[in-house]
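A.B. asks: In the working numbering, the protein residues as written are 5 to 88. Every residue gets a Cβ at the ideal spot worked out from N, C-alpha and C, and that includes glycine. One structure, pasted below without further comment.
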């Protein structure tokens, strides 16, 4: 697989995990809903919490992969910015 394909799929996975984490985060907003007997599209509050936690963890992992793939570029740009 080419490097640009890896970057593309990493970015798509990062976007999907961010979206899942954001949506579940809004659903479980403190004080917004009563977690007792709460069901959203067949998911209990506990399942939504697990989805939120795991999608957040995946987001962090994909962000680290993204930073690793763009590491050289970030270093060069930072050095250029510090020169001025």
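1) Rounded to the nearest angstrom, what separates residue 23 and residue 85 at their Cα positions?
2) Measure the C-alpha to C-alpha separation of residue 13 and residue 36 and round it to an integer number of angstroms.
3) Can you tell me the Cβ-Cβ gap for residue 66 and residue 18, rounded? I've got them flagged as a contact below 8 Å.
4) Less than 9 Å between the C-beta atoms of residue 74 and residue 11, yes or no?
5) Would you identify the three-state DSSP class for residue 43, choosing helix, strand or coil?
C.D. replies: So, to answer that:
1) As a first step, residue 23 must be located in the chain shown, where it is residue number 19. As a first step, residue 85 must be located in the chain shown, where it is residue number 81. Using only the alpha carbons, I get a separation of about 32 Å.
2) In the chain shown, the residue the question calls residue 13 occupies position 9. In the chain shown, the residue the question calls residue 36 occupies position 32. Near 34 Å, if we compare the C-alpha coordinates of residue 36 and residue 13.
3) Your numbering for residue 66 matches position 62 in the chain shown. Your numbering for residue 18 matches position 14 in the chain shown. Rounded, the Cβ-Cβ distance is 4 Å, consistent with contact.
4) Start at 1 with the first residue of the chain shown, and residue 74 comes out as number 70. Start at 1 with the first residue of the chain shown, and residue 11 comes out as number 7. Yes, they are a contact pair.
5) As a position in the chain shown, residue 43 is number 39, starting the count at 1. Here residue 43 sits in strand by DSSP.
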